[in-house]
Structures are given as C-alpha cells and as structure tokens.
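Take 29 as the starting number for the sequence shown in our numbering and just add one per residue. Where a beta carbon is used, it is the ideal one built from N, C-alpha and C, also for glycine. Written below as structure tokens is the structure these notes are about.
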Amino acid sequence: MAHKGILSTGTSRRSFLTAGVIAPLGAAVQTSAPPAPIDVGNQRQLFLDDLWFDPHSGVELVMQIPRLEEVLIVRDRPWEGLSLDTPCLLKDEGHYRLWYRADEGSRAKDHEDVSWICYAESNDCIHWDKPSLGICEYRG
C-alpha cells in the first residue's frame, strides 16, 4: 500500500528495521582488524589490566602471594620512625639513587602527619649511604 508522496518498495517494516540493525553490525565485524602486537622486547612487564593481551586468549591475571625478602634500606634516622615507602630508584652511570618517603610517625602541632622525602645512594643496591644534602633541617 502506497501513501501519497511515499514510494513503496514492498519491504515490510520488520524486514527494514532488522536490516537496519544487522547490516551495520556485520559491517563493523568485517572492518575491525585484530590489534597489532606490542613489542616489549625481553623486559618484564607489570600487568594491571588486560591492555597487553587479548582477554579471550585464556590468559588470566592472578595476584601473587607476597614473600618476605631482605630489607632494602634500614630506618636509622629520627625522621624514619614509622615507615619507609614509595621508593623511586634510578640507575645513573653505575650508581644507584633512591628517593623515598619516610613517615616520622608522630603528630606535630601544625601538621596532621609528618613525612619527608629522603634520598640515599649506593654502588651495589645493598649498602646505602644517606648523605646530608643541606636542603632542609630536621625540626629546625
């Protein structure tokens, strides 16, 4: 049945709507190519999500159980009372430089929590020297 001003092709509304939904989906499936592999060489990678692998490949993320290892750096300064954390390690011309946060663990009158950004250096990543850089004075 043709209405005035409308050309009828003999296609039912259901067929038209079905074709309008399915055709674009088929086109999307045909045109999408698999992502190119990411070359990371032989470096270790930290997997926090499925960015690095196809989630349909059977690979799954599993949390490893932490193990107690040797201490990297010892708390031996008064400002290192409660904890040392958030390390940032840089190897610079065979010399290791470590920046870390030290939490004093005491409350000061004018601060909620007292913490410091500290620096240490080492030649072997086992024995650390914590030089006084003269940048700020402790409790001064």
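Looking at residue i: is its Cβ nearer than 8 angstroms to the Cβ of residue j?
i, j, result
"arginine 129", "aspartate 113", "yes"
"phenylalanine 81", "valine 87", "yes"
Report, in whole angstroms, the separation of the C-beta atoms of residue i and residue j, which I expect to be a contact under 8 angstroms.
i, j, result
"glycine 133", "glycine 162", "24 angstroms between Cβ atoms; not a contact."
"alanine 157", "glutamate 149", "First, the amino acid is wrong: residue 157 is aspartate here, not alanine. Right, the Cβ-Cβ distance comes to about 6 angstroms (below 8 angstroms), so this counts as a contact."
"tryptophan 127", "cysteine 116", "5 angstroms"
"serine 143", "aspartate 152", "Between aspartate 152 and serine 143 the Cβ distance is about 28 angstroms, and since that is not below 8 angstroms, they are no contact."
Which residues does DSSP pair with residue i in a beta bridge?
i, result
"lysine 158", "Looking at the DSSP assignment, lysine 158 forms no beta bridge with any residue, so it has no partner."
For the beta strand (DSSP E) containing residue i, list its first residue and its last residue.
i, result
"isoleucine 145", "143 to 150"
"aspartate 113", "111 to 120"
"aspartate 131", "123 to 131"
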